[in-house]
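Only one structure is covered here, and it is reproduced in the block below.
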Amino acid sequence: MAAVEVGTDGRGSPRGAGDLSVKIEVFENQIEAALKQLKKQMLKDGVFQEMKRRAYYEKPSVKRKRKQALARKKRRRAARRTRSDDE
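Numbering (our numbering), first residue to last: 48 to 134.
Next comes the structure, spelled out in structure tokens:
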């Protein structure tokens with residue numbers, strides 16, 4: 048059994064503050080299964096989305112609008128969830 052640990056901080060440099068660490072254990076040299084598990088975990092954590100977002104410079108006004116839209120979406124989901132709980 049071997050453990051593979053992948054980690055970066057939020058700025059893309061190895062380790063440090065805001066560490067997004069993913070640890071995947073490899074059993075009996077099953078590399079394909081471990082890669083599949085790693086990809087699934089990274090998708091769940093939003094690492095691919097973060098990499099795509101950081102590929103190009105995002106102007107502060109665009110970043111602000113994106114964050115506001117995300118907050119609106121989150122509020123709508125929460126309101127829908129509480130409404131469905133009340134019924």
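Heads up, the beta-carbon is just placed ideally off N, CA and C, and yes, glycines get one too.
- Message: Is R122 a contact residue of the ligand FAD, with contact defined as CB to any heavy atom under 8 angstroms?
- Response: This structure simply doesn't include the ligand FAD, nor any ligand for that matter.
- Measure the alpha-carbon distance for F74 versus M89 and round it to whole angstroms. Position 27 of the sequence shown, counted from the first residue, corresponds to residue 74. Position 42 of the sequence shown, counted from the first residue, corresponds to residue 89. The C-alpha of F74 lies about 19 angstroms from the C-alpha of M89.
- Nearest candidate by alpha-carbon position, reference D92, set A80, K70, P107 and K112: Indexing the sequence shown from 1 puts residue 92 at position 45. For D92, the closest alpha carbon among the candidates A80, K70, P107 and K112 is that of K70.
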